[in-house]
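Peer 1: Handing you this structure, nothing more for now.
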Amino acid sequence: RGIINLNAPGVQLLRQAGLLDAILAEHHVAKKATFWDARMRREILTYDMGAEGRRYGLPDHMITCERRRLLQQFRGAATAAGARLHLGAKVTGVSQSVSAYGIPTKNGAGDLLRAHGYRHR
Numbered sequence: 741r742g743i744i745n746l747n748a749p750g751v752q753l754l755r756q757a758g759l760l761d762a763i764l765a766e767h768h769v770a771k772k773a774t775f776w777d778a779r780m781r782r783e784i785l786t787y788d789m790g791a792e793g794r795r796y797g798l799p800d801h802m803i804t805c806e807r808r809r810l811l812q813q814f815r816g817a818a819t820a821a822g823a824r825l826h827l828g829a830k831v832t833g834v835s836q837s838v839s840a841y842g843i844p845t846k847n848g849a850g851d852l853l854r855a856h857g858y859r860h861r
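Going by this note's numbering, the first residue of the sequence shown is number 741, and it counts up by one from there.
Right under this line is the structure:
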């Protein structure tokens with residue numbers, strides 16, 4: 741178990757990918773992040789994501805997600821979009837072309853990854 745915090749650019753990518761509503765339905769929105777010392781006794785900094793979001797044209801929040809469930813949601817969205825996932829292979833290198841990455845694995849399979857780029861404003 742664990743958590744993953746998706747900051748404003750990550751929230752924007754989820755919106756562009758059409759996944760934001762499903763993620764928000766199961767995880768928590770945070771508009772501020774507070775950083776503490778190692779003993780959790782003294783506040784070091786509170787970060788206002790609303791102010792920074794307005795400054796950079798990004799969403800005004802981050803999403804705190806339960807790691808296992810978030811990865812299940814990503815896997816479900818990827819397979820629904822036609823991705824075939826092959827887990828457990830050891831990657832031995834990466835090659836890049838204009839539209840794809842070649843990912844050779846230990847067993848010699850030449851898996852291929854194609855991804856549409858996302859840009860934030």
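Note that beta-carbon positions come from the ideal geometry of N, C-alpha and C, so glycine has one too.
(1) Quick one: using the 10 Å Cβ neighbour count with 16 as the cut-off for buried, is A820 buried or exposed?
(2) Near I744, which residues of its chain fall below 7 Å by C-beta distance, leaving aside the five closest residues on each side in sequence?
(3) Return the CA-CA distance between A791 and A817, expressed in angstroms with no decimal places.
(4) Quick check: what's the CA-CA separation for A823 versus L759?
(5) Provide the residue span of the alpha helix (DSSP H) that contains M789, from first to last.
(6) Assuming T786 contacts K771 under a Cβ cut-off of 8 Å, what Cβ separation, rounded to an integer in Å, is found between them?
(7) By DSSP, does L760 sit in helix, in strand, or in coil?
(8) Quickly, what does DSSP pair N745 with across the bridge? List them, please.
(9) Using only the alpha-carbon positions, how far apart do T774 and L825 sit?
(10) Let me confirm a value: V751 is counted as buried when at least 16 other C-beta atoms fall within 10 Å, else exposed. Which label applies?
Peer 2: Looking at the atomic coordinates:
(1) exposed
(2) Excluding sequence positions up to five before and after I744, its CB lies within less than 7 Å of the CB of C805, R807 and L810, all in the same chain and listed in chain order.
(3) 31 Å
(4) 16 Å
(5) M789 to Y796
(6) With a Cβ gap of about 11 Å, T786 and K771 do not count as contacting.
(7) When secondary structure is reduced to three states using DSSP, L760 falls in the helix class.
(8) DSSP, once it has assigned bridges, lists T804 as partnering N745.
(9) Distance between the alpha carbons of T774 and L825 is about 36 Å.
(10) buried
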